[in-house]
Amino acid sequence: MPMLSRRTMLATPAIALATPAFAQADNRPSITIAVQKVVNTNTLEVLREQSNVGERAFKTSIWEGLIDRDWRGQLQAVPGLATAWRRISDRVVELDLREGVRFHNGDEMTAEDVVFTFGPERMFGGAGTKELPPEIPAIARRIWPSLEKVEAVGRYKVRFINGTPDVTIEGRISRLGSEIISRRGYEQAASWLDWARAPVTTGAYKVAELRPDVSLTLVAHDQYWGGRPPLKQIRFVEVPEVSSRINGLLSGQYQFACDIPPDQIAAVERNRAFEVQGGTILNHRLTCFYKNHPVLADARVRRAMTHSIDRNAIVEALWAGRTVVPKGLQWEYYGDMFLSDWSVPAFDLAEARRLLREANYRGEPIPYRLLNNYYTNQTPTAQVLVEMWRAAGLNVQIEMKENWSQIFDNSSVRGVRDWSNSAPFNDPVSSLVNQHGPAGEQQQVGEWTNAEFNTLSGVLTTSTDHEQRRRTFRRMLEIAEREDPAYTVLHQNATFTAKRRDIAWKAAPAFAMDFRPGNYGA
Amino acid sequence: MARFLAGRLLRAFITLFLVVTFAFVVLRLSGDPAQIIMGADAPHEAVAAFRQAWGLDKSLWEQYLGYVGSIFTGDLGRSMRDGRPAAALVAERIPATLALTIPALFLKLGLGIPAGIYAALHRNSAIDRVVMLVAVAGFTIPSFVLGLLLVLVFAVQLGWLPSGGQESWRHAILPVITLGIGGAAVLARFTRSAMLEVLGQPYIRTASAKGVPWRRVVSGHAAPNAAIPTVTIIGFMFGSLIAGAVVVESVFSWPGVGRLMVVAVANRDLAVVQCVLLLVSFTMVAANFTVDLLYGLIDPRLRTGAQGGH
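Here the protein sequences come in this chain order: A and B. According to numbering that gives the first Met the number 0, the first sequence holds residues 0 to 521 in order. According to numbering that gives the first Met the number 0, the second sequence holds residues 0 to 309 in order.
Below, the structure written as structure tokens:
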């Protein structure tokens, strides 16, 4: 019988304690993702951070809604934290909640959490333990302009009750800003800011650390309802320079590098160990018109501008053909509201010149306020556009600006500017009405308005007659893109992510990066 | 001496006041922080609410007086992006920046001064020409080009060092070298010029003629007299310890004061920008003040006000 020394005896309990831990060692990989920007507002609260970069960092990883999207397909609505939903009336939608969903703090999600998520204390402002930043209720009201209340019909059943008839309730439930939070998690946070920097939600990963403007570290939420997350840790690091992101990827420091410009794709893929994924997303690039400009007040000049643009040339030259010219301000995921026979104005220089002659345009300068590559390829696109307009006889002059405040500045006359529009949910209300309607950005900044368009915005928002909605949508596109152009669509936007080729992962047709079970290492 | 100090302090105070005022006016007139921080797609009501909450709807004068008043009470304001105290945000970035700039300063001094002296002592030799060639190259290559070049060689091709970030001491090597080489080149050129000028002076010839060993002529007569222009440059380098790494921090994703300032300026996050500017101005002013004092120590003529003649 071997002799046991006193030292061995003392060490035995420690070894015994360590053994199970060793047996359960977490062998899952950790990854680092280089991004240009982690979040814009230094918070992770979806009601504050309504940005594309925010969507990438936290959608599917941290935040989940009742109705989700098929991130690996074409973004169709799929069950999320709700397993089923049905229309009770044109104002009411009822949802069955998924049972057994655990928040990051271990609590089970129930109807009480859903009701609280959409309640005044967290969304719209009202008596509560925390002082909401003033912009939160305004953003919440844009997402839910007519929501009366959400009520629990049982422990796992809720009803969304709208103040007016609305066929887009399901869409609004699926959009960014309608994700579910833990009531206890919210109430226990010391302040709104503490909450916003580490929200307690249901996602596959939970916040370990947010270092403003530096990094966001997420760790696996092992009680995730969709299965054990495939990654132990995800770290988003802010690397503002493209070349630094690519170099970091090639040197093995990062496993993913986001926001790769189209002209760098070939350079990355020259190394066979790496590939670039991604493509078109739910976002279109536009040129917006300022209708009150003395020259642009004549719709024929704006129409001439829409006909002067060879959009396919831009897509081929600046995007290496890796995006498309869409059918106006709409996306196929609108489903039966998508107008497949619609198109952007044709490239027709003769027509553009004819319209300018009719409008008696004499070469008066039209200012083009431009940000320096706020959007991918923005500055080269602007230079191409100016030359295309010049070919039609238009005198458009670029004025470089530093920020959006200077773009909208009223102290001198405006002309054209750039913009991009997304579709937060699968209905034209989410883009055409929300961005260009009476309460939309373009009309709010005094760029454009049209009485008939505004009346139709109300119809599209409240009508429940499908055929009438399709007719209304078509007429609105006719007004905003052809008759009295508010904007013209240039191309669909695209985002590209470089990664190691041996990592099995599929990019979503969106900014969101899906690292849930089934999409990483599968 | 007291009058000298009081004069310098008054000048420093006026400098700080002008910097704060200039930055306030330029930043506020060139963009609305509410619109910039909330983004182009933010609801009009949200932007208006934000503006009201941060007092941006008041007149520029009211905002300015309020800001200056709060500085005098020690309140440097809060970041409009996330509500955190600006001073705390800046303070937490200072160690990261100093972790680059202090080693880089030693690198500049350790490489630049000996190289400059050596080149001057071997004027027109092959070594002098090589040193000056390297110095001109180091001086003229922009830091972002040099940084990317170093990353390409040492991170991407050789895989010896990380390309960016701040996780370990190894992450600091390339940014420190990038910062150090440019500064060392500047110092080498200035030191060489100053030494050459001094070495041509009659008192150097006199010392040599008296039989003083050459080593002592250089260390006891030439180097101290050549120190004044070099100390001026070193003073500038001290002054830029806080804000001298803006480009390098961006290239190497190093989360220091420089990157904080870039983000804060882009967002017109006034309190944070002002806080950084105050710190940078204070460092510059303090460095210049110290250099002025050092002049007096190095050159007795400046201390006593006496004018020397040659």
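We put the CB at the ideal spot given by N, CA and C, even for glycine. Remember, predicted model here, so these are calculated numbers, not experimental data.
Checklist entry - Is it a yes or a no for the stretch 489-501 of chain A touching the stretch 320-327 of chain A, going by three-plus beta-carbon pairs under 8 Å? => result yes
Quiz prompt | Residues near L376 (chain A) by beta carbon distance below 6 Å, same chain, minus five either side | solution = It should be noted that the sequence gives Asn, not Leu, for residue 376 (chain A). The residues are L317.
- Determine the chain B residues that contact I138 (chain A) at a beta-carbon separation under 7 Å, and present them in chain order. Under the 7 Å cutoff, chain B gives P42 and A45.
Closest residue to A265 (chain B) among A:T40, A:A497 and A:K505 (Cα-Cα distance):
A:T40
For R191 (chain B) and S114 (chain B), the rounded distance between their alpha carbons
A small fix is needed here, since residue 114 (chain B) is Ala in this sequence, not Ser. Between A114 (chain B) and R191 (chain B), the C-alpha separation is close to 8 Å.
| query | Hey, would you say L108 (chain B) sits closer than 8 Å to L178 (chain B), going by beta carbons? | reply | Contact: no.
* Using a Cβ cut-off of 7 Å, pull out every chain A residue sitting near R80 (chain B), in sequence order please. => T40 and N41
- Query: Closest to T448 (chain A) by CA distance: which of A:Q434, A:T461, A:L459 and A:R47 is it?
  - Reply: Ranking A:Q434, A:T461, A:L459 and A:R47 by Cα distance to T448 (chain A) puts A:Q434 first.
Taking the beta strand (DSSP E) that P484 (chain A) belongs to, which residues open and close that run?
Here P484 (chain A) belongs to no beta strand (DSSP E), and DSSP marks it neither H nor E.
Less than 8 Å between CB atoms is the rule here; does Q62 (chain B) satisfy it with respect to chain A?
no
Check your understanding: What is the C-beta distance between G53 (chain A) and L65 (chain A), in whole angstroms, given that I count them as a contact (C-beta under 8 Å)?
Key -> Wrong, their Cβ atoms sit about 20 Å apart, outside the cutoff.
I think L285 (chain A) touches W388 (chain A), with their Cβ atoms under 8 Å apart; what is that distance to the nearest whole Å?
-> That pair is no contact at about 15 Å.
Measure the C-alpha to C-alpha separation of E401 (chain A) and H306 (chain A) and round it to an integer number of angstroms.
29 Å
| query | Quick one: does F49 (chain B) have its CB under 8 Å from some CB of chain A? | reply | yes
Span of the beta strand (DSSP E) holding D417 (chain A)? V415 to S421
Chain-ordered residues of the stretch 169-192 of chain A with a beta carbon less than 7 Å from chain B
L192
Exposed or buried, L17 (chain B), counting other C-beta atoms within 10 Å across all chains shown (16 or more means buried)?
exposed
Q. Using the beta-carbon count (16 or more within 10 Å), is N51 (chain A) buried or exposed?
A. buried
* Asked: List, in order along the chain, the chain B residues whose C-beta lies closer than 8 Å to that of W418 (chain A)?
  -> A39
| Taking three-plus beta-carbon pairs below 8 Å as touching, is the stretch 278-286 of chain B in contact with the stretch 52-62 of chain B? | No, the stretch 278-286 of chain B does not touch the stretch 52-62 of chain B.
Practice item. Taking only the alpha-carbon atoms, compute the straight-line gap between G30 (chain B) and Q467 (chain A) and give it to the nearest angstrom. Key: If I take the Cα positions, the gap works out to 43 Å.
Residue interval of the beta strand (DSSP E) (run including W194 (chain A))
Note, W194 (chain A): premise wrong, no beta strand (DSSP E); alpha helix (DSSP H) at W191 to R196.
- request: Within the same chain, show all residues whose beta-carbon is closer than 8 Å to that of D95 (chain A), passing over the 5 residues directly before and after it, in chain order.
  value: Contacts found: A81, T82, A83, W84, Y155 and K156.
C-beta neighbour in chain A for G158 (chain B), strict 8 Å | A Cβ of chain A is located within less than 8 Å of the beta carbon of G158 (chain B).
Against chain A: residues of the stretch 181-214 of chain B by CB proximity under 8 Å: none
| For a contact meaning CB atoms closer than 9 Å, what does P223 (chain B) contact in chain D? | The structure shown contains no chain D; its protein chains are A and B.
Are the beta-carbon atoms belonging to T59 (chain A) and D513 (chain A) less than 8 Å from one another? yes
Item to complete: Taking C-beta pairs closer than 8 Å, name the residues in chain A that V275 (chain B) reaches, listed in chain order.
Response: Those do not exist, as V275 (chain B) stays about 13 Å from chain A at its closest Cβ, beyond 8 Å.
Any contact of the stretch 203-217 of chain B with the stretch 141-153 of chain B, i.e. 3+ C-beta pairs under 8 Å? no
**Request:** Tell me whether P75 (chain A) is buried or exposed, calling it buried when 16 or more other Cβ atoms sit within 10 Å of its Cβ.
**Result:** Here the sequence assigns Gln to residue 75 (chain A), which means Pro is not the residue at that position. Exposed.
| message | For D262 (chain A), tell me which candidate among A:A497, A:H292 and A:Y223 has the shortest Cα-Cα distance. | response | With distances taken between Cα atoms, D262 (chain A) lies closest to A:A497.
Point to revise | Ordered list of alpha helix (DSSP H) runs contained in the stretch 126-197 of chain A, each at least 4 residues | key: 134-142, 168-173, 182-187 and 191-196
Three-state secondary structure (DSSP) at N282 (chain A)? For N282 (chain A), the secondary structure class from DSSP, reduced to helix, strand or coil, is strand.
Does D31 (chain B) come within less than 8 Å of chain A when only Cβ atoms are used?
yes
#### Entry: Contact with chain A by L151 (chain B), beta-carbon distance below 8 Å
yes
Note to self: Quick check on the burial criterion: 16 or more other C-beta atoms within 10 angstroms. Buried or exposed for F251 (chain B)?
What the structure shows: buried
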